[in-house]
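Going by the numbering used here, the sequence shown opens with residue -12, and the numbers climb by one from there. Everything below concerns the one structure shown next.
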Amino acid sequence: MGPRDALGSPAFSLYFFFILLSILQLDARLCLFTGLVAAAEYLIFAYVVIGPLEPEAQASFWRTPVFHFNRSLILFVAGLVAGLLAGQIKRQVEVSLRTVQDRDRAIRIFGQYVSPQIAEKLLHQPVELGGELRNVCVMFLDIRNFSSYAAGARPEAVMAYLNTLFDFMIDVVNEHQGIVNKFLGDGFMAVFGAPMEDAERCGHAVGASLEILERLDRLNAAGKIHPTRVGIGLHMGEAVTGNVGSAERKEYAIIGDVVNLASRLEQATKEFQAQLLISEAVRQSLDAAMPGIEDLGPLALKGQPNSARVFKVA
């Protein structure tokens, strides 16, 4: 096969093969450059082959003046199309990478304490983690007399005891659409209504609290744990929610008076020999016919400038 035959042979398609390979670099400019080089190389090769021919041979070989120019133009257009494809693929890859990064960020922020349902929502529904005002129901739970128990027990027994309690408590919170926001040594803070909106946040919080107390009673009755009581405080209100921390470590924070009052309610359970106290805001959001709720009236809680009406549920 001579040079003239090569110009018209299927070997011409090898140019397209190399242009397609350039797409793998996901660089539109490289694809365009590859197409431009292929077009220029073909034109130069055609000129070199045609140049030495006699006029009669040139006329028969170059039947149409623009024949080879059109073929080189096709190569350039192929490079242009390859560049467009490379750009589109690159954008799709970047979107996929951002999705994976968002998934990893959610896992880092919320750890292992998010229910599968909430995790699914976080990954498929846009959630603002940069800072926003949300109406949430905050739960504070404290294990009573833990310090005295821990002082006389072996370290491994203390950790096993805490893990036994927290294991089912976290599951209960998750099942009621809440998240455990942070551990507080012998207790934890949980939130309902953030980061995902929950119209039934108070009902879910009360339901989770009652189920925790019920399951704790069963464990106590079965003798599977050291005799244990807990105190739980619930309050609903607006809070600033979002990420706080450094570039290396961030935490999903709940900030506001709703947090302070919920904590004070949990502490007040000691004074009233109660296991579950709720605020008036939580009570008003519940079914009015809910039995067993005792109105303790307005109480002056430590750290609160105004008295708060408190209800005893258990």
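Note that beta-carbon positions come from the ideal geometry of N, C-alpha and C, so glycine has one too. These figures come from a predicted structure and were not determined experimentally.
Check, Outcome
"MET176 classed as buried or exposed, judged by whether at least 16 other C-beta atoms fall within 10 angstroms", "buried"
"Proximity of GLY172 and MET126 at Cβ, strictly below 9 Å", "no"
"Alpha-carbon spacing of SER196 relative to SER134, whole angstroms", "22 Å"
"Secondary structure of LEU206, DSSP reduced to three states", "helix"
"Within 9 Å, strictly: CB atoms of VAL269 and CYS189", "yes"
"Local conformation of ILE199 per DSSP, three classes", "helix"
"8 Å Cβ shell around GLY66 - same chain, five flanking residues per side excluded", "ILE6, SER9, CYS18, LEU19, PHE20, THR21, GLY22, LEU23, ALA25 and ALA26"
"Cβ-Cβ distance between GLY243 and VAL227 below 9 Å", "yes"
"Inter-residue Cα distance where the pair is PHE54 and PHE4", "21 Å"
"Per DSSP, the bridge partner or partners of PHE170", "PHE175"
"First and last residue of the uninterrupted beta strand (DSSP E) at ARG251", "Not the beta strand (DSSP E): ARG251 falls in the alpha helix (DSSP H), residues 244 to 258."
"Cα-Cα separation, ARG249 to HIS213", "Per the sequence shown, residue 249 should be read as Ala rather than Arg. If you take the alpha carbons of ALA249 and HIS213, they lie about 27 Å apart."
"Backbone CA spacing between LEU30 and PHE56 [nearest angstrom]", "7 Å"
"Burial state of GLN262, where buried means 16 or more other Cβ atoms lie within 10 Å", "buried"
"For VAL125, the three-state DSSP class (helix, strand or coil)", "strand"
"Contact set for ILE280: own chain, Cβ-Cβ below 6 Å, skip 5 residues either direction", "PHE298 and VAL300"
"Integer-rounded CB distance, given that ARG131 should sit under 8 Å from GLY180", "Not really, about 27 Å apart at Cβ, beyond 8 Å."
"Bridge partners - ALA226, DSSP secondary structure assignment", "ARG121"
"Sub-9 Å separation of ALA255 and GLY232 beta-carbons", "no"
"C-alpha distance - THR51 paired with SER83, whole-angstrom precision", "For THR51, the pLDDT reaches just 49, beneath the cut-off of 50, and the residue's location in the model is therefore unreliable, although a value from the coordinates is still provided. Between THR51 and SER83, the C-alpha separation is close to 49 Å."
"Sequence-distant residues of its chain with Cβ nearer than 7 Å to ILE241 (five each side left out)", "VAL123, VAL125, ASN168, VAL178, ALA181, ALA226 and THR228"
"Spatial distance of TYR2 from ARG16 (CA atoms)", "17 Å"
"LEU72 versus LEU60 - alpha carbon distance", "18 Å"
"DSSP state of GLY284 mapped onto helix, strand, coil", "strand"
"Close-in-space but distant-in-sequence residues of the same chain around ALA287 (CB under 6 Å, 5 per side omitted)", "SER294"
"C-beta contact flag for GLU162 and GLU198 at 9 Å", "yes"
"Nearest candidate by alpha-carbon position, reference GLU258, set MET223, GLY218 and SER272", "GLY218"
"Beta-carbon proximity of LEU128 to GLY74, cut-off 9 Å", "no"
"Backbone secondary structure at ARG78 - three-state DSSP", "helix"
"Whether LEU152 touches THR86 by CB criterion (9 Å)", "no"
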